[in-house]
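Chemist:
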Amino acid sequence: MENVKPEKLLTACAALGFVLLVLLVGVNVMARRAARAFDETVEAERSEYMVSGIFGDFVYNGDELTEYYGDGGDIVFDESIYGLTADDITICTGAFNQYRLNEYGIEPETVYLGNAVTRIEDRAFYATTAEEIRLPAGLTYIGAEAFADSPNLKRVYFDWPTTGDLMIHSDAFKGSVNVELVNFPDGIVFDENMVIFGGGDIG
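Residue numbering for the sequence shown follows the numbering used here, starting at 2 and increasing by one per position.
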(Lines of atoms letter the chains of each structure in order from A and count residues from 1; the text may use other names and numbers.)
(Lines give C-alpha, C1' and ligand atoms only; values in the text may rest on other atoms or scores of the structure.)
Protein backbone atom coordinates (compact mmCIF):
# COMPACT_ATOMS: atom_id res chain seq x y z
CA MET A 1 0.00 0.00 0.00
CA GLU A 2 2.99 2.32 0.66
CA ASN A 3 3.69 2.32 -3.10
CA VAL A 4 0.18 3.57 -3.99
CA LYS A 5 0.00 7.30 -4.41
CA PRO A 6 -2.73 9.06 -2.38
CA GLU A 7 -4.26 10.66 -5.47
CA LYS A 8 -4.64 7.25 -7.18
CA LEU A 9 -6.25 5.83 -4.05
CA LEU A 10 -8.70 8.71 -3.95
CA THR A 11 -9.49 8.20 -7.63
CA ALA A 12 -10.14 4.49 -7.07
CA CYS A 13 -12.38 5.22 -4.08
CA ALA A 14 -14.31 7.79 -6.07
CA ALA A 15 -14.80 5.34 -8.94
CA LEU A 16 -15.98 2.66 -6.52
CA GLY A 17 -18.37 5.12 -4.93
CA PHE A 18 -19.78 6.06 -8.33
CA VAL A 19 -20.35 2.38 -9.20
CA LEU A 20 -22.14 1.83 -5.91
CA LEU A 21 -24.29 4.90 -6.53
CA VAL A 22 -25.24 3.63 -9.98
CA LEU A 23 -26.16 0.25 -8.53
CA LEU A 24 -28.28 1.84 -5.80
CA VAL A 25 -30.11 4.00 -8.33
CA GLY A 26 -30.73 0.94 -10.50
CA VAL A 27 -32.08 -1.06 -7.56
CA ASN A 28 -34.34 1.86 -6.60
CA VAL A 29 -35.73 2.12 -10.14
CA MET A 30 -36.37 -1.63 -10.29
CA ALA A 31 -38.08 -1.51 -6.88
CA ARG A 32 -40.34 1.32 -8.01
CA ARG A 33 -41.24 -0.55 -11.19
CA ALA A 34 -42.02 -3.70 -9.19
CA ALA A 35 -44.17 -1.70 -6.76
CA ARG A 36 -46.03 -0.06 -9.67
CA ALA A 37 -46.63 -3.45 -11.29
CA PHE A 38 -47.92 -4.83 -7.97
CA ASP A 39 -50.28 -1.87 -7.53
CA GLU A 40 -51.59 -2.33 -11.07
CA THR A 41 -52.17 -6.05 -10.42
CA VAL A 42 -54.02 -5.32 -7.17
CA GLU A 43 -56.15 -2.71 -8.91
CA ALA A 44 -56.96 -5.12 -11.73
CA GLU A 45 -57.95 -7.80 -9.23
CA ARG A 46 -60.06 -5.26 -7.33
CA SER A 47 -61.79 -4.23 -10.55
CA GLU A 48 -62.42 -7.89 -11.40
CA TYR A 49 -63.88 -8.46 -7.94
CA MET A 50 -66.34 -5.65 -8.53
CA VAL A 51 -67.93 -7.70 -11.31
CA SER A 52 -67.06 -11.18 -10.03
CA GLY A 53 -67.30 -12.08 -6.40
CA ILE A 54 -69.53 -12.65 -3.41
CA PHE A 55 -72.28 -10.13 -2.82
CA GLY A 56 -74.14 -10.90 0.38
CA ASP A 57 -75.45 -14.46 0.02
CA PHE A 58 -74.88 -14.61 -3.74
CA VAL A 59 -71.96 -15.56 -5.97
CA TYR A 60 -71.87 -13.27 -8.95
CA ASN A 61 -69.82 -13.48 -12.16
CA GLY A 62 -70.13 -10.70 -14.70
CA ASP A 63 -73.87 -10.47 -15.37
CA GLU A 64 -74.65 -13.93 -13.96
CA LEU A 65 -75.82 -15.04 -10.54
CA THR A 66 -74.17 -18.44 -10.27
CA GLU A 67 -74.76 -19.70 -6.71
CA TYR A 68 -76.58 -18.99 -3.46
CA TYR A 69 -75.20 -19.71 0.02
CA GLY A 70 -77.57 -17.90 2.38
CA ASP A 71 -79.74 -19.14 5.23
CA GLY A 72 -82.79 -19.92 3.10
CA GLY A 73 -86.19 -18.76 4.28
CA ASP A 74 -87.23 -15.56 2.51
CA ILE A 75 -84.62 -14.95 -0.21
CA VAL A 76 -84.37 -11.51 -1.76
CA PHE A 77 -82.03 -10.78 -4.65
CA ASP A 78 -82.16 -7.04 -5.23
CA GLU A 79 -79.23 -5.92 -7.34
CA SER A 80 -79.47 -2.34 -6.08
CA ILE A 81 -78.61 -3.45 -2.53
CA TYR A 82 -75.16 -4.56 -3.69
CA GLY A 83 -74.53 -1.62 -6.02
CA LEU A 84 -74.59 -3.82 -9.11
CA THR A 85 -75.18 -1.82 -12.27
CA ALA A 86 -75.94 -4.69 -14.67
CA ASP A 87 -79.45 -4.44 -16.07
CA ASP A 88 -79.46 -7.86 -17.76
CA ILE A 89 -78.82 -10.49 -15.09
CA THR A 90 -79.06 -14.24 -15.65
CA ILE A 91 -79.90 -16.78 -12.93
CA CYS A 92 -77.57 -19.60 -13.97
CA THR A 93 -78.24 -23.32 -14.24
CA GLY A 94 -78.35 -24.86 -10.77
CA ALA A 95 -77.98 -21.55 -8.90
CA PHE A 96 -80.84 -22.47 -6.54
CA ASN A 97 -81.02 -26.18 -7.37
CA GLN A 98 -82.40 -27.79 -4.23
CA TYR A 99 -80.17 -30.84 -4.43
CA ARG A 100 -77.15 -28.55 -4.12
CA LEU A 101 -78.78 -26.42 -1.40
CA ASN A 102 -79.59 -29.56 0.59
CA GLU A 103 -75.88 -30.18 1.00
CA TYR A 104 -75.75 -26.98 3.09
CA GLY A 105 -79.10 -27.37 4.84
CA ILE A 106 -80.62 -24.45 2.93
CA GLU A 107 -84.40 -24.43 2.47
CA PRO A 108 -85.95 -21.47 0.63
CA GLU A 109 -89.52 -20.50 1.52
CA THR A 110 -90.05 -17.50 -0.75
CA VAL A 111 -87.88 -16.01 -3.50
CA TYR A 112 -87.95 -12.41 -4.73
CA LEU A 113 -85.91 -11.63 -7.86
CA GLY A 114 -84.92 -8.03 -8.64
CA ASN A 115 -85.99 -6.16 -11.74
CA ALA A 116 -82.63 -6.58 -13.47
CA VAL A 117 -83.12 -10.37 -13.81
CA THR A 118 -84.00 -11.16 -17.44
CA ARG A 119 -83.17 -14.88 -17.79
CA ILE A 120 -83.66 -17.98 -15.66
CA GLU A 121 -81.65 -20.86 -17.10
CA ASP A 122 -82.37 -24.61 -17.12
CA ARG A 123 -82.91 -26.22 -13.68
CA ALA A 124 -82.06 -22.96 -11.91
CA PHE A 125 -84.66 -23.65 -9.19
CA TYR A 126 -85.00 -27.38 -9.74
CA ALA A 127 -86.90 -29.17 -6.90
CA THR A 128 -87.03 -25.94 -4.88
CA THR A 129 -88.67 -26.02 -1.45
CA ALA A 130 -89.94 -22.46 -1.95
CA GLU A 131 -93.70 -22.02 -1.85
CA GLU A 132 -93.79 -18.65 -3.60
CA ILE A 133 -91.57 -16.97 -6.18
CA ARG A 134 -91.85 -13.46 -7.60
CA LEU A 135 -90.61 -13.02 -11.17
CA PRO A 136 -89.64 -9.54 -12.43
CA ALA A 137 -91.37 -7.63 -15.20
CA GLY A 138 -88.33 -7.65 -17.47
CA LEU A 139 -88.00 -11.43 -17.57
CA THR A 140 -87.60 -12.77 -21.13
CA TYR A 141 -86.71 -16.46 -20.72
CA ILE A 142 -87.40 -19.42 -18.40
CA GLY A 143 -85.39 -22.52 -19.29
CA ALA A 144 -86.11 -26.26 -19.23
CA GLU A 145 -87.04 -27.64 -15.79
CA ALA A 146 -86.25 -24.29 -14.22
CA PHE A 147 -88.93 -24.91 -11.57
CA ALA A 148 -89.55 -28.61 -12.23
CA ASP A 149 -90.30 -31.30 -9.62
CA SER A 150 -91.16 -28.74 -6.97
CA PRO A 151 -94.31 -30.00 -5.20
CA ASN A 152 -94.00 -27.32 -2.50
CA LEU A 153 -94.24 -24.55 -5.09
CA LYS A 154 -97.73 -23.06 -4.92
CA ARG A 155 -97.54 -19.58 -6.41
CA VAL A 156 -95.36 -18.05 -9.13
CA TYR A 157 -96.19 -14.37 -9.33
CA PHE A 158 -95.42 -12.50 -12.55
CA ASP A 159 -94.88 -8.76 -12.17
CA TRP A 160 -96.82 -6.72 -14.66
CA PRO A 161 -96.30 -5.44 -17.24
CA THR A 162 -93.54 -7.39 -18.94
CA THR A 163 -91.24 -5.36 -21.14
CA GLY A 164 -91.45 -7.78 -24.07
CA ASP A 165 -92.08 -11.37 -25.05
CA LEU A 166 -91.44 -14.02 -22.44
CA MET A 167 -90.26 -17.43 -23.63
CA ILE A 168 -91.06 -20.34 -21.32
CA HIS A 169 -89.72 -23.82 -22.01
CA SER A 170 -92.44 -26.45 -22.16
CA ASP A 171 -90.84 -28.38 -19.25
CA ALA A 172 -90.22 -25.33 -17.07
CA PHE A 173 -92.76 -26.40 -14.44
CA LYS A 174 -92.81 -30.13 -15.17
CA GLY A 175 -93.89 -32.13 -12.13
CA SER A 176 -94.75 -29.03 -10.09
CA VAL A 177 -98.40 -30.05 -9.97
CA ASN A 178 -99.50 -27.66 -7.21
CA VAL A 179 -98.26 -24.44 -8.79
CA GLU A 180 -100.51 -21.56 -9.75
CA LEU A 181 -99.22 -18.95 -12.20
CA VAL A 182 -100.49 -15.63 -10.88
CA ASN A 183 -100.90 -12.55 -13.08
CA PHE A 184 -99.75 -14.58 -16.06
CA PRO A 185 -98.75 -12.05 -18.76
CA ASP A 186 -100.13 -11.85 -22.28
CA GLY A 187 -97.95 -12.44 -25.31
CA ILE A 188 -96.24 -15.56 -24.02
CA VAL A 189 -94.03 -17.40 -26.50
CA PHE A 190 -93.62 -21.09 -25.64
CA ASP A 191 -90.33 -22.74 -26.48
CA GLU A 192 -91.66 -25.98 -27.97
CA ASN A 193 -95.39 -26.41 -27.46
CA MET A 194 -98.34 -25.03 -25.54
CA VAL A 195 -98.08 -27.44 -22.63
CA ILE A 196 -96.14 -26.09 -19.68
CA PHE A 197 -96.92 -28.63 -16.99
CA GLY A 198 -99.32 -31.42 -16.20
CA GLY A 199 -101.43 -29.75 -13.54
CA GLY A 200 -102.30 -26.48 -11.88
CA ASP A 201 -104.05 -23.36 -13.07
CA ILE A 202 -103.05 -20.29 -15.01
CA GLY A 203 -104.24 -17.23 -13.14
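Where is the CB? At the ideal position from N, CA and C, for every residue including glycine.
(1) Does DSSP classify Asn62 as helix, strand or coil?
(2) Take Ser151 and list the residues in its own chain whose beta-carbon comes closer than 6 Å to its own, dropping the five residues that flank it on each side.
(3) Put Leu102 into one of helix, strand or coil per three-state DSSP.
(4) Between which residues of its own chain and Pro137 is the CB-CB distance below 7 Å, once the five residues before and five after are set aside?
(5) Taking the C-alpha atoms as reference points, what is the distance between Ala149 and Glu80?
(6) Asn62: buried (16+ other C-beta within 10 angstroms of its C-beta) or exposed?
(7) Going by DSSP, what residue range makes up the beta strand (DSSP E) through Pro109?
(8) Is Ile143 closer than 7 Å to Ile169 when the C-beta atoms are compared?
(9) DSSP three-state call for Glu132: helix, strand or coil?
Modeler: Reading it off the structure:
(1) The answer is strand: DSSP assigns Asn62 an E or B state.
(2) Same-chain partners within the cutoff: Ala128, Thr129 and Ser177.
(3) Helix.
(4) Excluding residues within five positions, the ones whose Cβ falls inside 7 Å are Leu114, Gly115, Asn116, Val118 and Asp160.
(5) Distance between the alpha carbons of Ala149 and Glu80: 25 Å.
(6) Exposed, by the Cβ-count rule.
(7) Unbroken beta strand (DSSP E) run through Pro109: Pro109 to Leu114.
(8) Their beta carbons are under 7 Å apart, which means Ile169 touches Ile143 by this criterion.
(9) Secondary structure at Glu132: coil, using DSSP grouped into helix, strand and coil.
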